[in-house]
Every structure is written in structure tokens, then in C-alpha cells.
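K.L.:
Following the numbering used here, the residues of the sequence shown are numbered contiguously, the last one being 842.
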Amino acid sequence: MKLTFLGTGAAEGIPSPFCDCRTCENARETGGHNNRRRQSVLINDNLLIDLGPDIFASCAGLGISLRDLDCLLITHSHLDHFVSDNLMLRGKAFRLATELPELTMLAGPSVWTKWENSGGHDQVAGIQRHIIHPGQTVRLKEYSITAIAACHHLRIGDAMNYLIEDGKAALLYASDSGYYEEAVWESLNGHRFDAVVLEGTIWNRSPGKEHLNQSDFGRMVERLKSIGAMTDQTHLIATHFSHQSVGPHHELSEEVSQFGAQCAFDGLTVHILPDK
Ligand SMILES: [Zn+2]
Ligand SMILES: [Zn+2]
Ligand SMILES: [Zn+2]
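1) Tell me the rounded alpha-carbon separation between S808 and L628.
2) Would you say the beta carbon of H687 is closer than 6 angstroms to some non-hydrogen atom of ligand 3?
3) Drop a sphere of 10 angstroms on the beta-carbon of D732, count the other beta-carbons inside from all chains shown, and report buried for 16 or more, exposed for fewer.
4) From the DSSP secondary-structure annotation, give me the bridge partner or partners of K568.
5) Rounded to a whole number of angstroms, what is the C-alpha to C-alpha distance between G826 and K568?
6) Output yes or no for whether 7 angstroms exceeds the beta carbon distance between N612 and L635.
7) Taking only heavy atoms of ligand 2 into account, decide whether any of them is closer than 6 angstroms to the Cβ of H809.
8) Taking the CB atoms as reference points, tell me whether L617 and L653 lie closer together than 7 angstroms.
9) Between which residues of its own chain and A673 is the CB-CB distance below 6 angstroms, once the five residues before and five after are set aside?
10) From G575 to I711, what does the alpha carbon distance come to, in whole angstroms?
11) For a test of the three-state rule: what should DSSP assign to L666, helix, strand or coil?
12) Pull up the DSSP beta-bridge partners for S606, would you.
13) Along the chain, where does the alpha helix (DSSP H) containing V649 start, and where does it finish?
14) When you compare only the Cα positions, how much space is there between E578 and R604?
15) Give every residue of the same chain whose Cβ lies closer than 7 angstroms to the Cβ of G692, excluding the five residues on either side of it in the sequence, and list them in chain order.
16) Give the range of the alpha helix (DSSP H) segment to which N592 is assigned.
17) Given N592, which residues of its chain have a CB within under 7 angstroms of its CB, disregarding the five upstream and five downstream residues?
18) For a test of your reading of the model: does the CB of D724 fall under 6 angstroms from any non-hydrogen atom of ligand 3? Yes or no.
19) What's the C-alpha gap between H801 and C829?
20) For D616, verify whether its CB is less than 6 angstroms away from any heavy atom of ligand 3.
21) Judging by CA-CA distance, which residue of W681, G744, Q810 is the nearest neighbour of C587?
22) Could you check whether the Cβ of A576 sits closer than 6 angstroms to any heavy atom belonging to ligand 1?
23) With DSSP run on the structure shown, which of helix, strand or coil describes T641?
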């Protein structure tokens with residue numbers, strides 16, 4: 567399984583256009599890994615998780631085409647994870663010649679409401695609609711995909727994380743996650759992941775209800791290990807960082823490495839090998 571991080575920032579990205587904090591100013595001056603576009607991850611070449619406001623900039627900057635995309639998973643309806651207009655760009659009016667495969671989109675009810683309210687049209691975008699709820703498993707192309715409830719966007723209530731297997735490796739995609747409810751932990755019993763992508767949104771801040779800081783990140787890792795879902799061989803990657811709570815990439819990399827994690831950056835590609 568190949569993971570490509572198209573964006574690794576939280577809602578505002580880094581540098582946030584209206585902010586002059588140390589992290590944003592440093593990112594403007596130094597660029598590179600200190601810049602973070604809004605979060606998306608491409609799995610292999612055909613499954614995308616989240617379609618946020620920076621999808622054009624990410625794909626253009628990294629030389630990536632989404633032509634072969636046939637699976638799209640949306641975690642929740644926050645602006646950094648789903649922008650309807652970017653899906654409408656799949657329409658025939660916006661491309662030449664190329665016939666695209668049908669794209670199956672899995673998302674919770676509030677994402678579909680956002681899609682409809684902003685004029686989204688399934689047929690124009692060439693999508694097959696699939697409404698998914700936490701606890702459901704779907705077979706899609708070469709993937710087995712299970713949705714679990716995230717402790718995030720609680721006012722709306724249908725934010726999800728995904729367990730994704732491609733027949734070769736198993737991934738837990740946990741952004742935006744918060745610290746899981748007990749029922750979710752029970753549902754993770756018996757799973758073992760080759761890779762875990764975990765949010766570190768409010769890294770240096772006090773604990774939050776809907777995002778992980780450093781200590782809650784550590785609690786998630788310990789709990790995953792205690793139920794056997796993670797081992798020391800599991801590839802752990804931290805992502806989805808806010809300028810309000812992290813420093814430059816090199817400092818952050820050192821901090822997340824204390825948890826055995828790799829710090830994601832825009833353009834990072836990771837090949838996940840099964841731990842067997
Ligand atoms: Zn987010
Ligand atoms: Zn800032
Ligand atoms: Zn969110």
C-alpha cells in the first residue's frame with residue numbers, strides 16, 4: 567500500500583493567510599516542509615481520502631493526477647476536508663477527451679447535505695453515491711473499508727475515521743479523530759494495523775474535546791498497542807497540524823519521534839509493507 571500525503575495541515579493550513587504567529591512567519595520565510603496544505607491522503611493511485619480546498623494546489627505542486635481515482639472517502643464536512651466545487655471539477659465541462667472511471671464516494675449524511683446544498687450533482691461529477699455510517703464495512707474495488715466514529719465535529723455527529731485494507735496491508739486512518747469512545751475501542755479489538763495515520767492537531771496545547779494534543783496522541787498510541795492493534799513494527803505517521811500549536815517541521819519531527827512516529831509533510835510518500 568502506497569500513501570501519498572497531499573496536505574498535512576489543519577483547517578487554516580500553514581502559513582495561515584491572516585496570521586503572523588512565529589510558525590506562519592517562519593513558513594513564509596523558509597517554505598519547504600514548513601508549509602502545510604489542507605489534509606488529503608492518496609492511497610495507491612485510485613483511493614483519495616478527503617477533498618479539501620487545496621486539492622488543486624497539492625496535485626499541481628506534486629505532479630499528481632487524479633484521473634485514475636475510483637474511490638473517494640470523506641471523513642466529515644469541515645471545510646478542510648470537503649469542498650463540493652472541487653468535485654464538480656470532474657465534470658465534462660472542465661476536462662478534454664479523457665474518459666474517467668466512475669467514482670464511488672463514501673461519506674456520512676452531513677457531507678451529502680453539504681454537497682446538495684452547494685449545487686453538487688452526482689451525474690455531472692460522475693460519482694456513485696454511497697451513504698456510510700460508523701460500524702459499516704464496504705467492499706470497493708480492491709479495498710475493504712470500515713467506518714468508525716470519530717470523536718470530532720460532535721455538534722453534527724457523523725465524523726468518521728476509516729479502516730482500509732487493500733489485500734496487502736491494513737491502515738487505520740485517524741484524522742480528525744479525537745480520543746475514541748469506549749464503543750469504538752471495543753470495535754477495534756482483533757484488528758492489527760500495518761500503518762496508523764494519526765492527527766496531532768493541537769500538539770502543544772492543553773487537551774481538547776475533538777482533537778489530539780501530544781499527551782492524547784500518546785494515549786491513543788498506548789491504547790492501540792494495549793489491544794494489539796499496533797506493535798512496534800506498525801508504521802505510525804502524525805499529521806493534520808495547526809499553526810496555532812506546532813513549531814517548524816524539524817522541531818515537530820523530533821517531538822513526534824518520541825512516540826515512535828514519523829512526522830508527515832506535504833509530498834511524503836510511504837510504502838507500507840505488511841508486518842508478517
Ligand atoms: Zn481537519
Ligand atoms: Zn499562524
Ligand atoms: Zn474537522
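The C-beta atom is built at its ideal place from N, Cα and C for all residues, glycine as well.
P.N.:
In short:
1) Their backbone Cα atoms lie some 21 angstroms apart in a straight line.
2) Set against 6 angstroms, the gap from the CB of H687 to the closest heavy atom of ligand 3 is not smaller.
3) Its Cβ being crowded by 16 or more others within 10 Å, D732 is buried.
4) K568 is bridged to H837.
5) So the two alpha carbons sit approximately 20 angstroms from each other.
6) The answer is yes: Cβ separation under 7 angstroms.
7) Because some heavy atom of ligand 2 lies under 6 angstroms away, the Cβ of H809 counts as near it: yes.
8) Yes. Within cutoff.
9) I640.
10) I711 has its alpha-carbon roughly 24 angstroms from the corresponding atom of G575.
11) In the structure shown, the three-state DSSP call for L666 is coil.
12) Paired residue(s): G573.
13) Element bounds for V649: n/a, residue is neither H nor E.
14) In this structure, the straight-line span from the alpha carbon of E578 to that of R604 is close to 7 angstroms.
15) Only R656, L666, E668, L669 meet the Cβ criterion.
16) For N592, the enclosing alpha helix (DSSP H) starts and ends at 588-596.
17) Excluding sequence neighbours, N592 sits near N600, P814.
18) Every heavy atom of ligand 3 is 6 angstroms or more from the Cβ of D724, so no.
19) H801 and C829 have their alpha carbons spaced roughly 11 angstroms apart.
20) Between ligand 3 and the CB of D616, the shortest heavy atom gap is not smaller than 6 angstroms.
21) That would be Q810, whose Cα lies nearest to the Cα of C587.
22) Of the heavy atoms belonging to ligand 1, at least one sits nearer than 6 angstroms to the Cβ of A576.
23) Residue state, collapsed to three classes: coil.
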